[in-house]
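The block underneath contains the structure these notes are about, expressed in structure tokens.
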Amino acid sequence: MTVEFESAGIPLTSGQEQQLQKLADYMVEYNKHTNLTRITEPAEIIEKHYIDSILPLTMVDVPRGTKCIDVGAGAGFPSLPMKIYRPDLEFTLLDSGNKRITYLESACAHIGITCATLHARGEDAGRDKQFRGQYGLATARAVAQLNVLCEYCMPFVKVGGIFLALKGEKDETDIASAAIKTLGGEIEDIRKYALPSGDKRSLVVVRKVSVTPPQYPRVSAKIAKKPL
Numbered sequence: 345m346t347v348e349f350e351s352a353g354i355p356l357t358s359g360q361e362q363q364l365q366k367l368a369d370y371m372v373e374y375n376k377h378t379n380l381t382r383i384t385e386p387a388e389i390i391e392k393h394y395i396d397s398i399l400p401l402t403m404v405d406v407p408r409g410t411k412c413i414d415v416g417a418g419a420g421f422p423s424l425p426m427k428i429y430r431p432d433l434e435f436t437l438l439d440s441g442n443k444r445i446t447y448l449e450s451a452c453a454h455i456g457i458t459c460a461t462l463h464a465r466g467e468d469a470g471r472d473k474q475f476r477g478q479y480g481l482a483t484a485r486a487v488a489q490l491n492v493l494c495e496y497c498m499p500f501v502k503v504g505g506i507f508l509a510l511k512g513e514k515d516e517t518d519i520a521s522a523a524i525k526t527l528g529g530e531i532e533d534i535r536k537y538a539l540p541s542g543d544k545r546s547l548v549v550v551r552k553v554s555v556t557p558p559q560y561p562r563v564s565a566k567i568a569k570k571p572l
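Numbering of the sequence shown is given in our numbering, commencing with residue 345 and proceeding in unit increments.
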């Protein structure tokens, strides 16, 4: 595992490597009875789950102790590898699926990390004062278009914080520029890079510069039917 991470410019301690290996073993075993991921081969887990999740933290300056939220955490990517790599970060793992939340809680306990979990729909939690505007960093690794992701994620970010969108090769910023402005953000950076296998990726860094208007996020049906 060390060689793969070193080639990607990600230094790990032996303890972090052990945690990542323990997480991989646990996820693969859990996946036999609860559908979490299609990626179960060791080499693919290292690249497509671990390296893909951690690389953004090598590209962006995230202050120590930042409160972070992973919106639609799923099987815990990018949040769990990020937490292992940067244990100082305070993560909340949000997902609407109770089975996934149960897995995330058990996985954190199994590998010895502490993350808060939140069983809720993103649009509901994003309107809740307990969570709205409370995080220095929101992240999502999802197939939804950037303008849709922004409506789900930007309400969680406090002014001055950032939203990190982990995307593929396609540039969606033109489509999303109006949404980002409407939601109180501006594009600070777009990083183009590749995984060790050559798979193309882009990291869109959106800085929160003003408060998200109270009507956002809308209900999911409206977000899907008429994206910003």
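Built from N, CA and C at the ideal position, the CB exists for glycine as well.
Small disclaimer: the values here were computed from a predicted structure and weren't measured.
- Counting only the Cα atoms, Pro557 lies some 35 angstroms from Ile395.
- One Cα belongs to Tyr496, the other to Gln474, and the distance between them is close to 16 angstroms.
- Between the alpha carbons of Ile531 and Lys502 lies a distance of about 15 angstroms.
- Only buried fits Ser423, as 16 or more other CB atoms lie within 10 angstroms of its CB.
- Take Asn491, set aside five residues on each side of it, and the residues of its chain with a beta-carbon closer than 7 angstroms to its own are Ile519, Ala520, Ala523, Pro571 and Leu572, in chain order.
- The three-state reading of DSSP puts Val503 in strand, counting E and B together.
- Residues Asp439 and Arg444 of the same chain have their beta carbon placed closer than 7 angstroms to that of Gly418, with the five preceding and five following residues left out of the count.
- Leu510 has its alpha-carbon roughly 18 angstroms from the corresponding atom of Lys411.
- Taking a contact as a CB-CB distance under 8 angstroms, the pair Lys552 and Met498 counts as one, their CB atoms being some 7 angstroms apart.
- Excluding five sequence positions before and after Asn375, the CB atoms of its chain that fall closer than 7 angstroms to its own CB belong to Thr381 and Thr384, given in chain order.
- The stretch 443-506 contains, as complete beta strand (DSSP E) runs of 3+ residues, the segments 460-463 and 479-484 (chain order).
- When C-alpha distances from Ala484 are compared across Gly456, Lys569, His377 and Thr436, the shortest belongs to Thr436.
- One Cα belongs to His377, the other to Ser554, and the distance between them is close to 44 angstroms.
- As the crow flies, the alpha-carbon of Pro540 is around 18 angstroms from that of Met426.
- According to the DSSP secondary-structure assignment, Asp533 is paired through a beta bridge with Val549.
- Apart from the 5 residues on each side of it in sequence, Tyr429 sits with its Cβ closer than 8 angstroms to the Cβ of Ile354, Leu356, Gln360, Ile398 and Leu401 in its chain, given in chain order.
- The Cβ atoms of Val549 and Leu508 lie closer than 8 angstroms to each other.
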